[in-house]
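Protein chains in written order, with my numbering: chain X, 1 to 1089; chain A, 1090 to 1398. Single-structure report; data block below.
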Amino acid sequence: MPEQPNPEQDPITTKSYAAYYLVAMVILMATLFWALWDEAWVQRPWKAFQEQWKDRYSAFLNTARSKSATSETDVEKNPDYAALKQAYDKTYQDSKAQAAEARAAVDEVTARLLAVQTVFTDRRAYVNALSYEIETSTSASSKASKQKELADYKKEQATVEFPDGSKKKYTFPELEETYNQIRDERTKKSLELGDVLKPVTAAKAKMDEYISDHMVDLTPQQIDGLKKKTGEWDPKIVQINVAEANIVDRCESCHLNAREPLKISPASMMAKGEKKPDDYADAFVSHPEPELLGIHDPEKFGCSPCHQGNGRATTSMEKAHGNYEHWLWPLFPKENAQAGCQNCHAADMVLVSGDVQWQTINNGKDLFRQRGCMGCHRYEGYDKEPEDLNSIGQQLKQIETQKKDNLKQTAYLMKQADAAESNEEANRLNAHAVDLRVANSKLDGRLQQLDYQSHSLMQDMKKVGPNLKDVRLKLNKNWIPVWLKKPSDFRPTTKMPNFRLTDHQIQAISAYIWQSGFTDALPQRKPGNAAHGKELFETRGCLACHSIGEGDQLQGGTFAANLSRVGEKANYDYLVRWIHNARERTRPYCPYEKKDIGPEDYAKKGLPYQFDLDHSQCPNDGHELQVQNMTVMPSLRLAPEDAEDIATYLMTQKKQEPSSYADAAYMDDPTLKDEGKKWVRHFGCGGCHEIAGMEDEGRIGTELTYEGSKPIERLDFALFTTTAQRGGKDAEPITDKEDLARLPDGPATEPWYDQKGFFEHKLAEPNVYDKGKIKGELDASRMPNLHLTKEQVLDLTTFLMGSEETSLPGSYQYKPGDARHDIQEGWWIIKKYNCMGCHQFIPGQQTILMGLKQYQDIQEQLPPKLLTEGARVDPEWLRKFLSNPALSTTDTNRNGVRPYLKVRMPTFSFSDNELRKLVRFFQALSQQPLPYIPEQVPVLSAKESDMARSLFSSTAAPCLKCHATGDPAHDKIATAPNFLLAKERLKPDWVERWITDPQAVSPGTSMPSGLFKQQNNQWVFAGPTPPSFQGYEGDHRKLLTDYIFQLTPEEQRKVASAMPHAKAALLLPKSNRKQAVVESHQAASGGSR
Amino acid sequence: MDWRQLWEICSAPDNVPIVGLIPLLGFYIYLAWRQAHANDQLIEQLEGDAALAKTHHRKTWPFKPGWQKEVHVWPFLLRIEFLAAIIVTIILMVWSITLNAPLEEPANPNLTMNPAKAPWYFLGLQEMLVYFDPWIAGVVMPTMIIIGLMVIPYIDTNPLGSGYYTWKQRRFSIGTFLFGFIILWVAMIIIGTFIRGPGWQWFWPGQTWDHNRLIYEVNRDLPDIFGITSNMAKAVFGALVVGGYYLLGGFLVYSLFRRYMGKDFKRMSLLQFSLTQFLLLTMVALPLKMGLRLLWHIKYVWITPWFNV
């Protein structure tokens, strides 16, 4: 193109972009460096953690090292150690020369081996490669040629230059042989060296062992090991990978000390010159419960199955802890950490490891049950009986119908047969009829089984609240509306929650309950002695479950009702019956007919009006009746007069006169009854109470088994959704002061839009999410206010947070098939009946009675500790005892085993089902095998009997001084069970352990220790022995045990009468008695302890 | 005014490009307009100068004397493209460092998200589903959009305005484009992103997205307003209304074209013109239908057993 003069510059061709390019490139380079920095550090924050950790942990180890060295020096100063050291030095000197020689031999052989090895491995590699080619070559000719090549190669000679300078030539087979020879030679020489050094290493090991045994912390050597590891640390992701359970946990990339063998607190990991532990220091602590890690090996369990959070994430703390909206299983906050237990331990009622009880989750489980949550909310495993009974009821109905159909069919077939045309036809029809009859008899068997099952189930089924069918017999009528208004006003500790009822609802509900109650007459009781009643109340063990007094004055257990104002509400006659036997029902209930059976039903069949556990068949249909009140309150086997006394005492417990309650005449208004029924059903009263017409009401609440994994969108925060999501100063919707005080963390300021926040607010103020909403009476939240404390809200929240549908495989669930399953099942019953109110099951566990003032000085009056009960008693005996603790059918107003205890082991009327579970529980808890086959106790010869008797009645250990003998005068001061029970009750090997060291079995027992001492591998009596023992080789302990197991009443009487009565103990005041017994023991046993 | 809600919407990684889209759109329209304006002025100047007009093509192009009418790709085009590539690289790198992919929890078929929004480029289609049958909004309309785009070279016979920005030489094309792009595409995306909240309800920017919000809104069909009940009558009525729209609209377009774009009109064949007219009317129908729905709660105009419009 010919160039034309350009009058004006072309804007495209003349423009320069250099400046743009320069700027763009500078920015691009900057971005590139930013990307690299981001990649290396920002996306890998754990690197910073590891750098910090290296510095801080090394510093910490240095301090620990010097401390450890000091304490090691202390240990080394011990003469035992010096002796060990001396022994070590001596062996070392002795073997020195020999060891040097052996070592030289090994070195020489090793050098030769090395020389051959270099040549040999090289040639072997070639041979192997060639062999592989032969194996894989496809044509015969190439195979042949290569084989030839291999053979030639093997024949070729290779030169080996030995360390002494000599050279030798070997073909391949020779080389191989030489190599193997030298190798064997070296093994031999090494073994020889080992033999020479053996005493030295043994002595050294003993020294090290002595040090590590006698040091509380790690030894300097161990710390040096840790120091070395820390010093050589390269930044890397630390990961636990369990393919089986799809666990990938990289938590330890930052929490580097989680599994360190030392106890590391945040304070010890502070950076130099800092005053408060920062985030790094908090992250570098060791796991606070190393024992739990021992049970749950992190290599199998990882971290997230218990703690949750996003184990895979490494890009930030929020991501790793799962604290962002798209991670559905965020880390459990510290205070709710025990929620993680529930994931796998939902089937456990009590979580114990060693002697540590995991109280938060245990209390949560307990509260869920005790407070009657399961009356409205289904939860897998809780309160199964009604469901089981329901299904049995349905089966019963079905079988009954089938039976009827079969009978009809049989009659029809018989008739057909009569009219049949041929003989064969008639026979066929008849045979069919017979078959149907057989089928019916089979069905009868099934019916019996089902009835038997429902007998047990009905015994096991308990309600949290009292039976309201008895309301007319039991309560002050005018008190009822006052109570319903706000139960916690009358009794602050009550389980009955506040339903926020309107006055009209209260009137209707009380009218329904009143009018649907039984009107049967109660026997009139005469008033008793209140002072005696008070004493009985305080000593019989009522306080293990019940409390009395309010505020600071309150003492006793929280398991059952506080009785401080019971005089205002109760009817005396009913109270007597209740105290005498709470299970006694006014009328039995037939679940099959769904009605209460009265005397008229029995009269119709001409049967006596008698119903109890042995007479539990319905007169109308023959199925099982509910013959007990569904309460866990047991019978204390009191004399009727005693029951009267206690009732009289309780009736004095009031703040105002029952007559001062405003008259509630409307409760008799029949027009209110129907409305009342509607409200009783609406509020699900039948979940906790037995109410006429409500026996089969379903649960009104939502199922909570998997509530913790319910998507947050399904939890209705109503008008507070936005405030909960955003936090800030208006974040707290609860304004009521009392309810605010229930929030574990106080009023919310941070966002609380999560499961934890929802549960806490709901539990603190159940209708909080109704706030600001326009709702009708029937739409408003029905959940009542359980007036929980802060701690209880925390416990229940933790329990609910852990109630999740877990993604872990089934094998991670704690569902053992062995004896541990018995323990699991047993705890449910132990907790159900509050056994822990009186008995100790776990070392260190406090019972309610232990905490009472009156037992502080008379510890021996406390119920026995059951720490080793399974090892102590014969399971068959235990079953008998549990079903009848009086161990007698006539003389029941006493304790069967420990008549000397004022506190009474009650009769719980356990079902066969629960008896079996309890017996198995105790056996399993003490690691006893089942079935138990009693050990044969050898029959003692006359001479042995004499010797044993002399031990038994020895003045150094006068057994019968404390143990009951059946002599009423003596038993008054006895503090231990009668020996005559031993044969049936105890296990001999346990008795041996017991008499050796009772304190080890049951700490605090008044049974003296040190009665026996060890001599020549035999346990011999510590006190003076009569001459007949001269030359006796046997074990004294065993001798005494055998004697006790053969003790007869006559023998016991004989020994007892020969003994001087321990009058001194009798005359001493109660509080000093225990001391006296111990002293007399000490005096008697000649100070051998 | 709920600023936090607004911030949550704007800062969601999904929505950041849409927030970016708004200023960028303004910027590029301004840029194009500035250049178009300069060219238009130049063209006017060239056309006014008889001598200059001669040296140029008979159709006036905005080139000053001495300006090259054609330049080489290398380096003149590629250097700009490379610069653009560098800038895009920078933007992508900064974006990928600062904003993570919006990964969410595993899908739960029992609990779907609310609002469930399509990716930004499909928000227009999703918005159309509010106003039309899925079949119309999901199949017919997209097909027509694609076909419409494909026929542009065959119905747009204007040789001017190729290779440079201009407004005066292509008023109708550019106007139609802007209508289609801004109203039918960008506006729908913006509605889908900022306006549509839980339950696909209409939330003004700054209104809190309350999942529990209840509103009273009853939609009716156009025949219902006129008291037409039988299906047959509804179908006929709807056909009349829709047919009437195309007829009256067609007449309007015809008269406007003849009056304001006589030159173009003359150049077009009957097929070209009727196609243009049909596509234009269909385009305009969408915002009209939206208006009917949003302002007067009219759900459908034409109801047949097979489809509803």
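Each residue gets a CB set at the ideal place from its N, CA and C atoms; glycine is no exception. Note that this is a predicted model, so its numbers are computed, not measured.
Out of the options, state which residue places its alpha-carbon closest to the alpha-carbon of residue i.
i: Asn363 of chain X; options: X:Gln222, X:Thr138 and X:Asp795; result: X:Asp795
i: Thr360 of chain X; options: X:Ala347, X:Met374, X:Cys341 and X:Cys373; result: X:Cys341
i: Phe559 of chain X; options: X:Ala1022, X:Ile830 and X:Gly165; result: X:Ile830
i: Ile1314 of chain A; options: A:Asp1245, A:Glu1133 and A:Tyr1389; result: A:Tyr1389
i: Ala544 of chain X; options: X:Lys569, X:Pro906, X:Ser1057 and X:Val116; result: X:Pro906
i: Leu1311 of chain A; options: A:Ser1319, A:Gly1327, A:Asn1301 and A:Asp1299; result: A:Gly1327
i: Asp1245 of chain A; options: A:Leu1375, A:Trp1122, A:Ile1263 and A:Tyr1254; result: A:Ile1263
i: Ser71 of chain X; options: X:Gln117, X:Val216 and X:Ser803; result: X:Val216
i: Arg993 of chain X; options: X:Asp1035, X:Cys962, X:Trp34 and X:Gly1023; result: X:Asp1035
i: Ile842 of chain X; options: X:Ser142, X:Ala271, X:Thr187 and X:Ser353; result: X:Ser353
i: Gly693 of chain X; options: X:Leu704, X:Trp679, X:Leu940 and X:Pro784; result: X:Trp679
i: Lys710 of chain X; options: X:Gly746, X:Ser286, X:Pro305 and X:Lys756; result: X:Lys756
i: Gln725 of chain X; options: A:Trp1298, A:Tyr1254 and A:Met1350; result: A:Trp1298
i: Arg183 of chain X; options: X:Ser391, X:Asp612 and X:Val109; result: X:Val109
i: Leu1039 of chain X; options: X:Lys236, X:Gly727, X:Phe1021 and X:Leu915; result: X:Phe1021
i: Leu915 of chain X; options: X:Thr868, X:Thr187, X:Gly826 and X:Pro929; result: X:Gly826
Could you check what DSSP says for residue i in three-state terms: helix, strand or coil?
i: Tyr589 of chain X; result: strand
i: Gln555 of chain X; result: strand
i: His963 of chain X; result: strand
i: Phe1021 of chain X; result: strand
i: Tyr855 of chain X; result: helix
i: Glu825 of chain X; result: helix
i: Leu986 of chain X; result: strand
i: Gln1174 of chain X; result: The first residue shown for chain X is 1 and the last is 1089, placing residue 1174 of chain X beyond what the model contains.
i: Ser145 of chain X; result: helix
i: Lys655 of chain X; result: coil
i: Ser841 of chain X; result: Correcting the residue type first, residue 841 of chain X is Phe in the shown sequence and not Ser. If DSSP states are grouped into helix, strand and coil, Phe841 of chain X belongs with coil.
i: His345 of chain X; result: coil
i: Arg1096 of chain X; result: An answer regarding residue 1096 of chain X cannot be provided, because it is not within the stretch 1 to 1089 covered by chain X.
i: His1081 of chain X; result: For His1081 of chain X, the predicted structure reports a pLDDT of 44, less than 50, and the residue's modelled location is therefore unreliable. A value from the coordinates is still provided. Of the three classes helix, strand and coil, the one that applies to His1081 of chain X here is helix, per DSSP.
i: His1126 of chain A; result: helix
i: Trp1289 of chain A; result: helix
i: Gln1090 of chain X; result: Only positions 1 to 1089 of chain X appear in this structure, which leaves residue 1090 of chain X out of reach.
i: Ser888 of chain X; result: coil
Can you give the beta carbon distance from residue i to residue j, rounded, assuming they're within the 8 Å contact cut?
i: Gln1052 of chain X; j: Leu980 of chain X; result: 6 Å
i: Ala1226 of chain A; j: Met1217 of chain A; result: 4 Å
i: Lys1010 of chain X; j: Gln923 of chain X; result: A small correction: the amino acid at residue 1010 of chain X is Gly; Lys does not occupy that position in the sequence shown. With 8 Å as the limit, Gly1010 of chain X and Gln923 of chain X do not qualify as a contact, their Cβ atoms being about 30 Å apart.
Along the chain, where does the alpha helix (DSSP H) containing residue i start, and where does it finish?
i: Lys1038 of chain X; result: His1036 to Phe1045
i: Gln181 of chain X; result: Phe172 to His214
i: Gly86 of chain X; result: Per the sequence presented here, residue 86 of chain X reads as Gln, with Gly not at that position. From DSSP, the alpha helix (DSSP H) with Gln86 of chain X extends over Pro79 to Thr136.
i: Ile237 of chain X; result: Looking at the DSSP string, Ile237 of chain X is not in any alpha helix (DSSP H), and its letter there is neither H nor E.
i: Val1307 of chain A; result: Here Val1307 of chain A belongs to no alpha helix (DSSP H), and DSSP marks it neither H nor E.
i: Gln222 of chain X; result: Pro220 to Gly231
i: Phe1173 of chain A; result: It should be noted that the sequence gives Ala, not Phe, for residue 1173 of chain A. Note, Ala1173 of chain A: alpha helix (DSSP H), Leu1167 to Thr1187.
i: Thr14 of chain X; result: Pro11 to Thr14
i: Gln628 of chain X; result: Not the alpha helix (DSSP H): Gln628 of chain X falls in the beta strand (DSSP E), residues Gln626 to Gln628.
Let me see if you follow: with CB-CB separation under 8 Å, is residue i close to chain D or not?
i: Met1182 of chain A; result: Here chain D cannot be found, since the structure's protein chains are X and A.
Please give me, in chain order, every unbroken run of the alpha helix (DSSP H) with length at least 4 that falls completely inside the region 446-503 of chain X. 471-474, 479-485 and 487-490
Start-end ranges of the alpha helix (DSSP H) lying completely within the region 1244-1268 of chain A, minimum 4 residues: 1260-1267
At 4 residues or longer, what runs of the alpha helix (DSSP H) sit wholly inside the region 308-343 of chain X? 317-320
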